[in-house]
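Peer 1:
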Amino acid sequence: MDNSDYDKLVFRKQFLMTAKKIEGLLGWKRYNVCFGQKMLYVHPDLEVTVEEEQGKRVMLLGYMLDWKRPQQGNGDIIRRMLAQSNSFMDFVESTYDIGGRFALMYEDENECNMFHDAGGQREVYYHIGEHGVSCAAQLPILASFLDVAENTDIGIQELYHSDIFLDFKKQWVGEDTIYKATKSLKPNHYISMETGAVKRYWPLKPLERVGIEYAVDTASEMLKGFLKAAALRGELLIPVTAGWDSRILLAASREICDKVMYYVIKFPHMEYSHMDIEIPRKLLGKLGVEFHVIEAPEHVDERFAEIFRANTAYFKEDNLAGIYNVFFKKFPEKVNVSSHVSEVIRSYRGNTKKYRDEFYSTCVAYGGRDEYYNNEYVKRTSGKWIENNMGFSQDMNVDPFSLFCWEEWLGWEASQRSETDIAIEEYTPFSCRSLMAILLSVRPSYRNKYSCSLYKRLMEKMWPQVLSEPINPSFKRNIKGMLVALDMLYPTRKAFRRMKR
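In my numbering, the protein residues as written are 29 to 529.
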């Protein structure tokens, strides 16, 4: 590639909205927004859909999918929702049944607001400063074009530069960021682009408990519909490992399996006997479906790596070789279907009744490393979330821990979508509010992370043969599943940590 081709990868598929006059971003699409007070700059590779009706204007950055009407495009979906909406909140509610990966700006004579898809997989960061409220897809583009100062909060700096932050997939927690007056917009919230006020829009009424059969019947149709819709937009790649979440998507893709390429990436540290290679290879063979094991060499072009590291704030170096050698070099025009967001559904904790900042911060740390819990910012932020949302989530019949995972823990997955934008589009079918609400309304005992009977029932409904090979076979995982069922997983982990001291 020559330099001009590489230049197209800088901030690829990102956007910037601000009142400040921007020099640069040549070739980017431009739109006057927020009553003409701001300019929206959009990378040429990011899809934009603009629809207006009776004084209401919607700008979609990314794409929407309708599981009931797979053939409909972005414009069809938005026009229907606009026609049925009398207000911003009406419009937001009309998106509950919609999937996709998007950031959306809604503007009428009274307000100009922005929100994103259910899982927040199209990230939105915002800065409040001398130019009012500005927002962007990522922190580096904000820092490049606005006068954004580094956040000097000691806890934030210690976390950002810590080894444990690197160890745990650069999982960030809380809305604050490494820059002052700059925050991330969390799922289930919208921001006023006039005032910078952030408000929760879901849930607004209590969730009703649903039976497992209803959940299975409804969720199976939704997942199948979303994959059909995605297949009509582009050629799909679906990774299959030994795990739960990818197995669900495999089952949901049965009716379009002839249009999908199933694969797994073999990284240098993996042998062909690795269960994430061996199990799906056996399984897809039984199903009569072609399965590809794709090598990911370690070498990466230096210029590509430089842009990759500069495009996002929380990039993961371990993902670079796969993104470059597989997605960028082999499949740049395809859509990679990720099973992320699904993890929110599977219960990690059982029915624990005690909610403390320690409990929540150990969740974010994927195993309760004391260094992460002891970080002042992580502890403070987890405690703040509990204080602000504990009573509310219980009133709404939403498991507080699941809601915390949805709004905080998913951040690393959204970051992975953003860093992959340099090479390929990724889609997460579970990023649909109605789908997640239905599955979370099933009793936790059916959603055990390690023995999830809800997911087994879904697989039996959609493609029972996918259960002919084991899912994450491990004695250790079986023990963890038993501890979750007994509400003893985290107390046991805590006891072991104390014994090691």
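Cβ atoms here follow ideal geometry from the backbone N, Cα and C, with glycine treated the same way.
Please name the residue, chosen from Glu236, Arg237, Arg261 and Tyr218, that lies closest to Trp230 on a Cα-to-Cα basis.
Peer 2: If we check each option's Cα against that of Trp230, Tyr218 comes out closest.
Peer 1: In whole angstroms, what is the alpha-carbon distance linking Phe254 and Ala247?
Peer 2: For Phe254 and Ala247, the distance between alpha carbons rounds to 10 Å.
Peer 1: Alpha carbon to alpha carbon, what distance is there between Asn403 and Glu186?
Peer 2: For Glu186 and Asn403, the distance between alpha carbons rounds to 7 Å.
Peer 1: So, at 6 Å on beta carbons, what are the nonlocal neighbours of Gln149 in its own chain, with the 5 sequence-adjacent residues on each side left out?
Peer 2: Taken in chain order, the residues that qualify are Arg129, Ala442, Arg445, Thr456 and Ser459.
Peer 1: How should His368 be labelled, buried or exposed, when 16 other C-beta atoms within 10 angstroms of its C-beta is the threshold for buried?
Peer 2: With 16 or more other Cβ atoms within 10 Å, it is buried.
Peer 1: So, are the CB atoms of Thr340 and Gln166 less than 8 Å apart?
Peer 2: In this structure, Gln166 lies closer than 8 Å to Thr340 by Cβ.
Peer 1: Looking at Val470: is its Cβ nearer than 8 Å to the Cβ of Val238?
Peer 2: Contact flag set, yes.
Peer 1: Taking the C-alpha atoms as reference points, what is the distance between Arg108 and Pro215?
Peer 2: Taking the straight line joining both Cα atoms gives about 24 Å.
Peer 1: My assumption, with CB atoms under 8 Å, is that Lys211 sits in contact with Tyr154. Please give the rounded CB distance.
Peer 2: With 8 Å as the limit, Lys211 and Tyr154 qualify as a contact, their Cβ atoms being about 6 Å apart.
Peer 1: Going by beta carbon distance, what residues of the same chain come within less than 7 Å of Ala465, once the five residues before and after it are set aside?
Peer 2: So the list reads Leu235, once near-sequence residues are dropped.
Peer 1: Could you please give the first and the last residue of the uninterrupted alpha helix (DSSP H) stretch that includes Gly127?
Peer 2: Note, Gly127: premise wrong, no alpha helix (DSSP H); beta strand (DSSP E) at Ile126 to Glu135.
Peer 1: What did DSSP end up calling Glu334 once you bin it into helix, strand or coil?
Peer 2: Helix, per DSSP.
Peer 1: Can the beta-carbon of Met133 be found less than 8 Å from the beta-carbon of Met67?
Peer 2: Cβ distance not < 8 Å, so Met133 and Met67 don't count as in contact.
Peer 1: Tell me the rounded alpha-carbon separation between His71 and Ala47.
Peer 2: If you take the alpha carbons of His71 and Ala47, they lie about 18 Å apart.
Peer 1: Can you tell me the Cβ-Cβ gap for Pro360 and Ile452, rounded? I've got them flagged as a contact below 8 Å.
Peer 2: Correct: roughly 6 Å between the Cβ atoms.
Peer 1: Give me, in chain order, the residues of the same chain whose beta-carbon lies closer than 6 Å to that of Leu37; leave out the 5 immediate sequence neighbours on both sides.
Peer 2: So the qualifying residues of the chain are Ile335 and Ile450.
Peer 1: According to DSSP, is Val470 helix, strand or coil?
Peer 2: Looking at Val470 - three-state DSSP - the assignment turns out to be coil, as it is neither helix nor strand.
Peer 1: Closest Cβ-Cβ distance between Tyr34 and chain B: below 8 Å?
Peer 2: Of the protein chains in the structure, only one exists, and it is not chain B.
Peer 1: Which whole-angstrom value describes the C-beta separation of Leu315 and Gln493, a residue pair presumed to lie in contact below a C-beta threshold of 8 Å?
Peer 2: So it is a contact: roughly 6 Å between Cβ atoms.
Peer 1: Taking C-alpha atoms, which residue in Asp181, Thr77 and Ile169 lies nearest to Ile50?
Peer 2: Per the Cα distances, Ile169.
Peer 1: Would you list, in sequence order, the uninterrupted alpha helix (DSSP H) runs of no fewer than 4 residues that lie entirely inside the stretch 261-329?
Peer 2: List check, alpha helix (DSSP H) in window: 272-280 and 303-315.
Peer 1: Using 8 Å as the threshold, is the stretch 270-283 in touch with the stretch 482-492, meaning 3 or more CB pairs across them?
Peer 2: Yes: the two stretches touch, three or more of their Cβ pairs being nearer than 8 Å.
Peer 1: Measure the CB-CB distance between Glu137 and Leu110 and report whether it falls below 8 Å.
Peer 2: No; because the gap between Cβ atoms is not below 8 Å, this pair is not in contact.
Peer 1: Leaving out five residues on either side along the sequence, give the residues of the same chain with a beta carbon under 6 Å from the beta carbon of Glu135.
Peer 2: Taken in chain order, the residues that qualify are Arg85.
Peer 1: Quick one: using the 10 Å Cβ neighbour count with 16 as the cut-off for buried, is Ser113 buried or exposed?
Peer 2: Looking at its Cβ environment, which holds 16 or more other Cβ atoms inside 10 Å, Ser113 is buried.
Peer 1: Let me confirm a value: Arg175 is counted as buried when at least 16 other C-beta atoms fall within 10 Å, else exposed. Which label applies?
Peer 2: One point to set straight first is that residue 175 is Asp, not Arg, in the sequence displayed. When all chains shown are included, Asp175 counts as exposed.
Peer 1: Since Lys66 sits in a beta bridge, which residues does DSSP pair it with?
Peer 2: Per DSSP, Val61.
Peer 1: Relative to the alpha-carbon of Ala257, which residue among Tyr290, Gly52 and Asn102 has its alpha-carbon at the smallest distance?
Peer 2: Minimum Cα distance to Ala257 is reached at Asn102.
Peer 1: From which residue to which residue does the alpha helix (DSSP H) around Asp423 run?
Peer 2: Per DSSP, Asp423 belongs to the alpha helix (DSSP H) from Glu404 to Asp423.
Peer 1: Given this structure, state the Cα-to-Cα distance separating Ile322 from Met289, to the nearest angstrom.
Peer 2: C-alpha separation (whole angstroms): 12 Å.
Peer 1: Go to Gly160, then tell me how far its alpha helix (DSSP H) extends in each direction, as first and last residue.
Peer 2: From DSSP, Gly160 is part of no alpha helix (DSSP H) but of the beta strand (DSSP E) over Gly160 to Ala164.
Peer 1: Determine whether the beta carbon atoms of Ile206 and Glu241 lie at a separation below 8 Å.
Peer 2: Contact: no.
Peer 1: Taking all protein chains shown into account, decide if Asp304 is buried (16 or more other Cβ within 10 angstroms of its Cβ) or exposed.
Peer 2: That one is buried.
Peer 1: Mind checking which residues open and close the alpha helix (DSSP H) that includes Arg150?
Peer 2: From DSSP, Arg150 is part of no alpha helix (DSSP H); its letter is neither H nor E.
Peer 1: My assumption, with CB atoms under 8 Å, is that Ile499 sits in contact with Gly313. Please give the rounded CB distance.
Peer 2: Contact doesn't hold; Cβ gap of about 17 Å is too wide.
Peer 1: Thinking C-alpha only, which one of Ala349, Pro428 and Ser122 is nearest Ile293?
Peer 2: If we check each option's Cα against that of Ile293, Ala349 comes out closest.
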